[in-house]
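*Asks:* Protein sequence lines correspond, in order, to chains E and C.
Counting from 16, one number per residue, gives the positions in the first sequence under the numbering used here.
Counting from 3, one number per residue, gives the positions in the second sequence under the numbering used here.
Note that the Cβ used here is the ideal one computed from N, Cα and C, for glycine as well.
Just so you know, these numbers come straight off a predicted model, no measurement behind them.
Have a look at the structure that comes next, please.
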Amino acid sequence: MTLAATVFRLNNPFFLNHEMNPMKTITNLFKLALFIAIGVVPFAVNAHHSTTMFDRTQVVTITGVVKEVQWTNPHVAIFVSGAVKEGDEPSLWLMEMTSPGNLIRVGGWSRTAVKAGDKVVVEFFPLRNGGKGGALKKITETQTGKVYTADIFAQENANLEQSK
Amino acid sequence: MSSKHIIQFVLRFCAYSLVSYGILASSAHAQEKPIINRAPVAKDYADLGKLPDWSGTWNPNISDQFNQVNTNMPPWKPEQAKVIQFQLAEEKAGRPAPLFTNCLPESMPSWALITHNSIEFLFTPGRVTILGESDSNRLRRIYTDGRAMPDDPDPTFHGYSVGHWEGNTLVVETTGIRPQTYLAVSEAVGVPNNGDVRVIERFHLAGKDIMHDDIEIIAPNVLTKPWKTTREYFRQRARKYEIIEGVCLEGSFSESKDQAGNDIFVPIKYDVGGNRIPPQ
């Protein structure tokens, strides 16, 4: 099976249910492991995903500096160099968010609301797998005190400008 | 048989043949004749003013989408129900199925069911167009010029839609949807529709700034019976909430410079769940 075909099958929800042959299942799982292990993730694989890979029962806070903002659809990302505990060696963290259009509606964001170099405190729901990333919950610019949130449900009213 | 009868028979045969040929020829001619969409006139544009005001940006009630996964699940066939239960468990465990991570359109009717982004309505003579925010290739053309649904429309991601107005309600029928596209109730829960899908929608205002899309989905290859649901949208008029371009594949690239100093896109890596890979 080609890599492309493997990717297609991995994206097919019937993959795990129609493959009743145990050997085929094992073979495919091996291919999945290989696929991840070698890091050959085609750039077409992205976006439009559920967010349950983040643990919404936990909130982690880091203090640091924004390194880069990727204001892109369908998910905005912010890279922050920071530490969980004061005095710890800072490391780079990746914060995922919803789309630019949704962020503008939910929390007063704009493309330039948060910029590289801004000192920030970030609250986020961490990745369940322990990676240095999470779903941003709230970001506070320490110098200006400005606060931006990223709750996608915070836009569920008509005429939002009247309530924000 | 006398010679007189033979002559009568031959003449009748010739007459019938000519008539038959004429019918066939005119029929063929009619089939080949292209249907021309007439040019709109001033009255057509004036009549648009009699339609309800659906201007503005409409963002979906996402909470209700999520709630209906628990309260109004489609009547899946047993084979599909197994997949759905598996996907629900996987999603709950933090391993959501990557149904839409390839950036292909969510398609109809999933676009109407699960989108987290805004839509807008455009009225032009003989047509309503729905444009979506989440991908620049997301649009629906709904023909309201009185045409019939084609017998066998070419399958597409958003199908072929014919609509008509019943008072202030836009009634839309959609068929011709690609069988490979998902009938999904969330971004991680859905199955290929397997063809023969028909969608009936009734768009109407449920309040001054609330839109309801009452949807009936007939999907005989994956559902045991037609399924009904309603999706809700909120109107925004503030200019800052207007729909902005949203190209799905944009997120697969980051901005960079080449050696000559040109601004370029460079692909970035994602994990299988669709997230950028965090720094190691």
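Identify the contact partners of residue 104 of chain E in chain C, using a Cβ-Cβ distance below 9 Å as the criterion.
*Replies:* In the first sequence, residue 104 of chain E corresponds to position 89, counting from 1. The premise fails here: residue 104 of chain E is roughly 14 Å from chain C at the closest Cβ pair, so nothing lies under 9 Å.
*Asks:* Please classify residue 278 of chain C as buried or exposed, where buried requires at least 16 other C-beta atoms within 10 Å of its C-beta.
*Replies:* In the second sequence, counting from the first residue as 1, residue 278 of chain C sits at position 276. Buried, because 16 or more other Cβ atoms sit within 10 Å of the Cβ of residue 278 of chain C.
*Asks:* Could you give the first and the last residue of the continuous alpha helix (DSSP H) run that contains residue 116 of chain C?
*Replies:* Here the question's residue 116 of chain C lines up with position 114 in the second sequence. If you look at residue 116 of chain C, you'll find it in the alpha helix (DSSP H) that goes 112-116.
*Asks:* Quick check on residue 116 of chain E: does DSSP put it in helix, strand or coil?
*Replies:* As a position in the first sequence, residue 116 of chain E is number 101, starting the count at 1. In the structure shown, residue 116 of chain E adopts helical secondary structure according to DSSP, grouped into three states.
*Asks:* From the DSSP output, in three-state form, read off residue 92 of chain E for me.
*Replies:* Within the first sequence, residue 92 of chain E is the residue found at index 77, counting from 1. Strand, per DSSP.
*Asks:* If the cut-off is 9 Å on Cβ atoms, which residues from the region 253-277 of chain C count as contacting chain E, listed in chain order?
*Replies:* The residues in question are 253, 254, 255, 256, 257, 269, 270, 271, 272, 273, 274, 275, 276 and 277.
*Asks:* Which of the three DSSP states is assigned to residue 54 of chain C in this structure?
*Replies:* Locating residue 54 of chain C in the second sequence gives position 52, where the first residue counts as 1. DSSP places residue 54 of chain C in coil when its eight states are reduced to three.
*Asks:* Between residue 254 of chain C and residue 270 of chain C, how many whole angstroms is the CB-CB distance? I'm expecting something under 8 Å.
*Replies:* Numbered from 1 along the second sequence, position 252 holds the residue referred to as residue 254 of chain C. Numbered from 1 along the second sequence, position 268 holds the residue referred to as residue 270 of chain C. At roughly 7 Å, the Cβ-Cβ gap stays under 8 Å, so residue 254 of chain C and residue 270 of chain C are in contact.
*Asks:* Which term fits residue 170 of chain E, buried or exposed, when burial requires 16 or more other beta carbons within 10 angstroms of its beta carbon?
*Replies:* Here residue 170 of chain E refers to the residue found at position 155 of the first sequence. Under this definition residue 170 of chain E is a buried residue.
*Asks:* Please confirm whether residue 59 of chain C and residue 121 of chain C have their CB atoms less than 9 Å apart.
*Replies:* Residue 59 of chain C sits at position 57 when you count from the first residue of the second sequence. Residue 121 of chain C sits at position 119 when you count from the first residue of the second sequence. In contact: residue 59 of chain C and residue 121 of chain C (Cβ atoms closer than 9 Å).
*Asks:* Let me know the secondary structure DSSP gives residue 217 of chain C once reduced to three states.
*Replies:* Indexing the second sequence from 1 puts residue 217 of chain C at position 215. Strand.
*Asks:* Excluding the 5 residues preceding and the 5 following residue 14 of chain E in the sequence, name in chain order all residues of the same chain whose CB lies nearer than 7 Å to its CB.
*Replies:* Outside the shown range of chain E, which is 16 to 179, sits residue 14 of chain E, and nothing can be said about it.
*Asks:* Whole-angstrom Cβ separation of residue 130 of chain C and residue 151 of chain C, contact assumed at under 8 Å?
*Replies:* Residue mapping note: residue 130 of chain C aligns to position 128 of the second sequence, counting from 1. Residue mapping note: residue 151 of chain C aligns to position 149 of the second sequence, counting from 1. Actually they are not in contact, since the Cβ atoms of residue 130 of chain C and residue 151 of chain C sit about 16 Å apart, beyond 8 Å.
*Asks:* Who pairs with residue 196 of chain C in a beta bridge, going by DSSP?
*Replies:* Translated into the one-based positions of the second sequence, residue 196 of chain C becomes position 194. Partner(s): none; residue 196 of chain C has no beta bridge.
*Asks:* What residues of chain E sit near residue 135 of chain C, judged by a beta carbon separation below 9 Å?
*Replies:* On the second sequence, residue 135 of chain C is found 133 positions in, with the first residue counted as 1. Per Cβ cutoff of 9 Å: 88, 114, 116 and 117.
*Asks:* Does the beta-carbon of residue 133 of chain E have 16 or more other beta-carbons within 10 angstroms, so that it is buried, or is it exposed?
*Replies:* Translated into positions along the first sequence, residue 133 of chain E becomes position 118. By the 10 Å Cβ count, residue 133 of chain E comes out buried.
*Asks:* Is it buried or exposed for residue 127 of chain E, if we count other Cβ within 10 angstroms and need 16 for buried?
*Replies:* As a working note, residue 127 of chain E is residue 112 in the first sequence. Counting the other Cβ atoms within 10 Å of the Cβ of residue 127 of chain E gives fewer than 16, which makes it exposed.
*Asks:* Identify the continuous alpha helix (DSSP H) that holds residue 222 of chain C and give its terminal residues.
*Replies:* As a first step, residue 222 of chain C must be located in the second sequence, where it is residue number 220. Here residue 222 of chain C belongs to no alpha helix (DSSP H), and DSSP marks it neither H nor E.
*Asks:* Look at the alpha carbon of residue 106 of chain E and the alpha carbon of residue 280 of chain C, and state the distance between them as a whole number of angstroms.
*Replies:* Position 91 of the first sequence, counted from the first residue, corresponds to residue 106 of chain E. Position 278 of the second sequence, counted from the first residue, corresponds to residue 280 of chain C. Spanning the two alpha carbons is a distance of roughly 11 Å.
*Asks:* Under a three-way DSSP split, which group does residue 69 of chain C fall into?
*Replies:* One-based indexing of the second sequence puts residue 69 of chain C at position 67. Three-state result, residue 69 of chain C: helix.
*Asks:* Looking at residue 65 of chain E: is its Cβ nearer than 9 Å to the Cβ of residue 82 of chain E?
*Replies:* By one-based count along the first sequence, residue 65 of chain E stands at place 50. By one-based count along the first sequence, residue 82 of chain E stands at place 67. Going by beta carbons, residue 65 of chain E and residue 82 of chain E fall outside the 9 Å limit.
*Asks:* Under 9 Å, Cβ to Cβ, is there at least one residue of chain E near residue 210 of chain C?
*Replies:* Here residue 210 of chain C corresponds to residue number 208 of the second sequence, with the count starting at 1. Residue 210 of chain C counts as touching chain E.
*Asks:* Helix, strand or coil for residue 106 of chain C, going by three-state DSSP, please let me know.
*Replies:* Position 104 of the second sequence, counted from the start, is the residue given in the question as residue 106 of chain C. Coil at residue 106 of chain C, not helix or strand.
*Asks:* Check whether the Cβ of residue 70 of chain C lies closer than 9 Å to any Cβ atom in chain E.
*Replies:* In the second sequence, the residue the question calls residue 70 of chain C occupies position 68. No, because no Cβ of chain E sits closer than 9 Å to the Cβ of residue 70 of chain C.
*Asks:* Touching or not, the region 202-212 of chain C and the region 167-176 of chain C, by the rule of three or more beta carbon pairs under 8 Å?
*Replies:* yes
*Asks:* So, at 7 Å on beta carbons, what are the nonlocal neighbours of residue 182 of chain C in its own chain, with the 5 sequence-adjacent residues on each side left out?
*Replies:* In the second sequence, residue 182 of chain C corresponds to position 180, counting from 1. Hits under 7 Å: 194.
*Asks:* Determine, using beta carbons only, whether residue 155 of chain E and residue 136 of chain E come nearer to each other than 9 Å.
*Replies:* What you label residue 155 of chain E is simply residue 140 of the first sequence in a count that begins at 1. What you label residue 136 of chain E is simply residue 121 of the first sequence in a count that begins at 1. Cβ distance < 9 Å, so residue 155 of chain E and residue 136 of chain E count as in contact.
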